[in-house]
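Here the structure is laid out as structure tokens; the discussion comes afterwards.
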Amino acid sequence: MNKHIIFTAASWEPRFFSGFERILTRFTPERVVMYFFSEYANLSQANRERIRSCCKTNSITLEEFEVSFADPIGTWKVLYATAAAWCNGDSSAVIDITTMPRETTWILFGLFGDRAIPVTWAYHKPQGYNNTWLSRDPDRPRLVPKMGGVTKLGFPIKLLLTSGFDVERARQLILFFEPEHVLVGIQTGIQFGNKLLNAARHLQEFQGSSATKLFEIDAYAPDCGYESLEREIKEHLADSNLIMASLGPKTSAVALYRIHNKYPQTSLAYAPSKEFNPDYSFGIAETLYGQL
Amino acid sequence: MNDFTNPFEYEAANKLKSDQILDFYIEDFNYSRFVHSKRNIFLIGERGTGKTMTLLFNSLPVQAAKADKEGAILNLGIICVYVPCNTPLTHKTEYALLEQFQGAVISEHFLVMSIMYAIADTLSCLANLISENEAPTVAHELEFILGFKLPENAKLLDALKLVLQKETGESQKALNAKKPEAFYESARSFSTGVMPLLSCLGRIPKLKDSHFVIMLDDAHDLNESQVKTLNSWIAYRDNSLFSFKVATTKVGRPPFLTSSGGAILEGHDFTLVDMEVPYQNKYSNFGKLARSIVQKRLEKVGVLNKTPEEFFPTNPEFEKDLNFCETRIREEAKKHFPEGTPKQIGDYVYKNARAAYFRERSAKANRPPYSGFDILVHISTGVIRNLLEPCYWMYDKVVSEQRASGEATVVVQEISPSIQTEIILERSKKKWEWIKEGFDKSIEGCSRTDAERVFQLFDNLAVLFRERLLKHKSEPRAIAFTISETDQPKHADLLGLLEIARKAQILYTYTSSAKDLGKRETYYVPNRILWPDRGLDPHGQHARASIKSKDLWAAATQNRQIPFSATDADLSIAIEGDLFNE
Numbered sequence: 081m082n083k084h085i086i087f088t089a090a091s092w093e094p095r096f097f098s099g100f101e102r103i104l105t106r107f108t109p110e111r112v113v114m115y116f117f118s119e120y121a122n123l124s125q126a127n128r129e130r131i132r133s134c135c136k137t138n139s140i141t142l143e144e145f146e147v148s149f150a151d152p153i154g155t156w157k158v159l160y161a162t163a164a165a166w167c168n169g170d171s172s173a174v175i176d177i178t179t180m181p182r183e184t185t186w187i188l189f190g191l192f193g194d195r196a197i198p199v200t201w202a203y204h205k206p207q208g209y210n211n212t213w214l215s216r217d218p219d220r221p222r223l224v225p226k227m228g229g230v231t232k233l234g235f236p237i238k239l240l241l242t243s244g245f246d247v248e249r250a251r252q253l254i255l256f257f258e259p260e261h262v263l264v265g266i267q268t269g270i271q272f273g274n275k276l277l278n279a280a281r282h283l284q285e286f287q288g289s290s291a292t293k294l295f296e297i298d299a300y301a302p303d304c305g306y307e308s309l310e311r312e313i314k315e316h317l318a319d320s321n322l323i324m325a326s327l328g329p330k331t332s333a334v335a336l337y338r339i340h341n342k343y344p345q346t347s348l349a350y351a352p353s354k355e356f357n358p359d360y361s362f363g364i365a366e367t368l369y370g371q372l
Numbered sequence: 004m005n006d007f008t009n010p011f012e013y014e015a016a017n018k019l020k021s022d023q024i025l026d027f028y029i030e031d032f033n034y035s036r037f038v039h040s041k042r043n044i045f046l047i048g049e050r051g052t053g054k055t056m057t058l059l060f061n062s063l064p065v066q067a068a069k070a071d072k073e074g075a076i077l078n079l080g081i082i083c084v085y086v087p088c089n090t091p092l093t094h095k096t097e098y099a100l101l102e103q104f105q106g107a108v109i110s111e112h113f114l115v116m117s118i119m120y121a122i123a124d125t126l127s128c129l130a131n132l133i134s135e136n137e138a139p140t141v142a143h144e145l146e147f148i149l150g151f152k153l154p155e156n157a158k159l160l161d162a163l164k165l166v167l168q169k170e171t172g173e174s175q176k177a178l179n180a181k182k183p184e185a186f187y188e189s190a191r192s193f194s195t196g197v198m199p200l201l202s203c204l205g206r207i208p209k210l211k212d213s214h215f216v217i218m219l220d221d222a223h224d225l226n227e228s229q230v231k232t233l234n235s236w237i238a239y240r241d242n243s244l245f246s247f248k249v250a251t252t253k254v255g256r257p258p259f260l261t262s263s264g265g266a267i268l269e270g271h272d273f274t275l276v277d278m279e280v281p282y283q284n285k286y287s288n289f290g291k292l293a294r295s296i297v298q299k300r301l302e303k304v305g306v307l308n309k310t311p312e313e314f315f316p317t318n319p320e321f322e323k324d325l326n327f328c329e330t331r332i333r334e335e336a337k338k339h340f341p342e343g344t345p346k347q348i349g350d351y352v353y354k355n356a357r358a359a360y361f362r363e364r365s366a367k368a369n370r371p372p373y374s375g376f377d378i379l380v381h382i383s384t385g386v387i388r389n390l391l392e393p394c395y396w397m398y399d400k401v402v403s404e405q406r407a408s409g410e411a412t413v414v415v416q417e418i419s420p421s422i423q424t425e426i427i428l429e430r431s432k433k434k435w436e437w438i439k440e441g442f443d444k445s446i447e448g449c450s451r452t453d454a455e456r457v458f459q460l461f462d463n464l465a466v467l468f469r470e471r472l473l474k475h476k477s478e479p480r481a482i483a484f485t486i487s488e489t490d491q492p493k494h495a496d497l498l499g500l501l502e503i504a505r506k507a508q509i510l511y512t513y514t515s516s517a518k519d520l521g522k523r524e525t526y527y528v529p530n531r532i533l534w535p536d537r538g539l540d541p542h543g544q545h546a547r548a549s550i551k552s553k554d555l556w557a558a559a560t561q562n563r564q565i566p567f568s569a570t571d572a573d574l575s576i577a578i579e580g581d582l583f584n585e
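Top line first, the protein sequences correspond to chains A and B. The numbers in the first sequence follow our numbering, run straight up by one, and end at 372. The numbers in the second sequence follow our numbering, run straight up by one, and end at 585.
Below, the structure written as structure tokens:
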């Protein structure tokens, strides 16, 4: 039987610790690897202490590693070292993507995929999000190390986005990469005011533009929206350099990773923020699990 | 709006096809003489100032299309090769995982491959460049010197493109391996890639005397190592075979350091060309350029007998009221200067006539009916994209209304003053809303606090400029400023805020002569689209307000009103010529 190792990224959100406890009801890990980001070390301190205490009570080895949004290269090296150190032939990784930045999630997925380590991902939906703001102070968008794809010289950029609550983030990526064409996957459903706060805003922003195609995606479906995404990108693979970014439901990052894994010429891009709302979300609702 | 052509489309130039570039580009006002020189040139300017368009217009494929269209002979003495830097290849990050030297090698390799491919791709637009007899010799030499095997059954340049594509793909795959030390051993440098390629191409009789201009666009996207490498190439001063033309933004412009730790020097190693030229009125160089651009675009959609002024007419009431004010102020000037020269009278009218219009409007009146081509030129703040954007939305509005009313879509012959006013006010309001609500979500490095401070700063500038417009004795329409008393402790922080505003293009900077002869100083021009929402006149004048650094900082951080004096001494500035006319 495989040994389970849980990989998680510390957060101040209530669902971080509640979700961790929930994962322990399903898996009996040998070890927990918890990353925490320097920029939010103070905010996540209380929850990290709770994880320490919980691991101690359950006799689980806990390893903590400090990483930084501002240093993606340093972060990659830490993730590489930890993934190499703790996962081998008889291990399987359980990655809690709930509060893990997409860039970190993708890097871990890639490292484990490269080593053929089985991965189960977990995502805990919150009961709700803060309705004022979620993130702000954007940093420069960047390609994820080792996942920047294989660029074809002389071909135009096309950008695939899964949309979220913030149209400005989509605009920022478009301004940065200046794509010839933009594909925007808009989440279906009414959860978290999605119709008004996501779908309607993106329709208003992009509908009517000949350079943009809007399509529906359900990132909460069992395939995380993979089929919809694959259907949309196929015709663009041969004649463009496709850059993909997830701004929508976290689970859409799972689907985008699978697309990148199947079509390694595509690039994964990450648009970091320097500030997150201390009251980002509240409560914990359903937990989704999946395997890569 | 997919099935009609909006002549004011302002999409990035790199998305335009050769024929569209020929259609839209105004050759009279360009920097072709610099691009076609053998000097190394840096073209600097913010987004929308025409850098890409200038480079693309001069690129060989567009020049070939132009020659073809005009039935002229294409001159191959200067071959301009367009190399975009905003590509996923440039944004790749794997180099940073390597130790510094290897990282520099890989960074140079990607840049070199991009240039080599661009050269091959550019030349492949010439159908009869190489004869069947010449091709085998050149191919053999390329294979021997560059160390690859060209695929058979493909034309020479197509084969070269294929092999470069393959090599670039292999190097990326090697770098993408999930190991920090992943490296590509066969990386090319400028001296093992671009130079031998150019040397081999020189064997082609039609290219034996050609000078290659390597035009790197969006160089601010290059990584730090690539910037140093590029500067090292620029420092190589034998420009007989090739030279560089480098386009970059002003804000975040790459430093001039070389790989060896030295620096390249303006005047010595390169010439710097500022694409943001100050402008004042529709008769200035920018005014003429704006007019030509709009005229050409109107002609392309079949509006053949109308001037831009006729297509964008001024509201008749607005015009009448302005004329009335001008007549009245002229009479006033004659009383002030009974023995005055025409220049004295003219200056007085210039400074006060428009201000009188704004002063005499009722406090309860709606916003002025902003309209007319001249207003659009001023609102653009000297940036072509800022000129086209409101025109685009005005045109779109007219077509939308045609459709909504069930009318057949016909060529738009005029944008009514009411639609002009509506769109100008709408775009102005949106700009303020963006500063207030969207800055910290869309401008890199802008925190919520920064966003609030920038908003308060511009809000207080608007209040100051309004006060001036209504009350200032000599320079009421100054809507630019300089900063004085810069030795206050928070001046660096203030410059940081202004940098954010520049990045967002709500502020532009220029340098000009100061009052002290011989000195140059920076002056700041807020984007004039901001002013209609505040009832200000976007039609500025040749003057700038001098504001103390501490007052700007207090306006930004404490929302404190900037002190105003109706008689303060402002800096009158001369009308700035452009690069060719100074």
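For each residue, glycine too, the CB sits at the ideal point set by N, CA and C.
Chain B contact residues for residue i, given Cβ-Cβ distances below 7 Å
i       : result
K342(A) : Here the premise fails: no neighbours, minimum Cβ distance about 15 Å.
G234(A) : Y120, D124
L223(A) : P91, H94, K95, T96
Per DSSP, cross-strand counterpart(s) of residue i
i       : result
E524(B) : S515(B)
L348(A) : M324(A)
H84(A)  : S172(A)
D220(B) : P87(B)
Buried or exposed (CB count within 10 angstroms, at least 16 for buried), residue i
i       : result
L58(B)  : buried
E170(B) : buried
E188(B) : exposed
F295(A) : exposed
G543(B) : buried
N17(B)  : buried
A495(B) : exposed
G48(B)  : buried
I177(A) : buried
T514(B) : exposed
V414(B) : exposed
K181(B) : buried
Beta-carbon neighbours of residue i, restricted to chain A and to distances below 9 Å
i       : result
E429(B) : Going along chain A, no residue has its Cβ under 9 Å from E429(B), so there is no contact; the nearest lies around 14 Å.
K54(B)  : Ordered by position in chain A, no residue passes the 9 Å Cβ test against K54(B), which lies about 13 Å from the chain.
Residue nearest to residue i in terms of C-alpha spacing, selected from the options
i       : options                            : result
N138(A) : F189(A), G244(A), V112(A)          : V112(A)
K337(B) : M397(B), Y351(B), L533(B)          : Y351(B)
S21(B)  : V415(B), E334(B), N61(B), W236(B)  : N61(B)
E110(A) : N82(A), I131(A), A126(A), E129(A)  : N82(A)
N318(B) : Y28(B), I82(B), F45(B), I378(B)    : I378(B)
I153(A) : F192(A), P225(A), G363(A)          : P225(A)
V386(B) : P10(B), F27(B), G53(B)             : G53(B)
A301(A) : Y350(A), G370(A), F257(A), E129(A) : G370(A)
R256(B) : I237(B), Q103(B), L225(B)          : L225(B)
V174(A) : R106(A), F149(A), K232(A), R132(A) : R106(A)
E227(B) : V108(B), S549(B), L79(B)           : V108(B)
Contacts of residue i in chain A (Cβ-Cβ under 7 Å)
i       : result
A99(B)  : I153
K181(B) : G190, L191, D194, K226
D443(B) : R216, D217
C449(B) : D217
Cross-chain neighbours of residue i in chain B, by beta carbon under 9 Å
i       : result
I237(A) : N89, T90, P91
Chain B residues whose Cβ lies nearer than 8 Å to that of residue i
i       : result
E315(A) : Within chain B, no residue comes near E315(A); the closest Cβ sits about 18 Å away, beyond 8 Å.
Practice prompt. Scan the region 317-347 of chain A for residues whose Cβ lies nearer than 8 Å to a Cβ of chain B and list them as they occur along the chain.
Written response: N321, I323, P344, S347
Item to complete: Name, going along the chain, the residues of the region 159-191 of chain A whose beta-carbon falls closer than 8 Å to a beta-carbon of chain B.
Response: Y160, G190, L191
Item to complete: For the region 381-403 of chain B, enumerate the residues whose C-beta is nearer than 8 Å to any C-beta of chain A, in chain order.
Response: none
Worksheet item: Any residues in the region 146-174 of chain B with a beta carbon nearer than 7 Å to a beta carbon of chain A? Which ones, in chain order?
Response: L167, Q168, T171, G172
Worksheet entry | Contact residues within the region 73-101 of chain B, judged by C-beta distance below 8 Å to chain A | N89, T90, P91, L92, H94, K95, T96, E97, A99, L100
Worksheet entry | Against chain A: residues of the region 15-28 of chain B by CB proximity under 9 Å | A15, N17, K18
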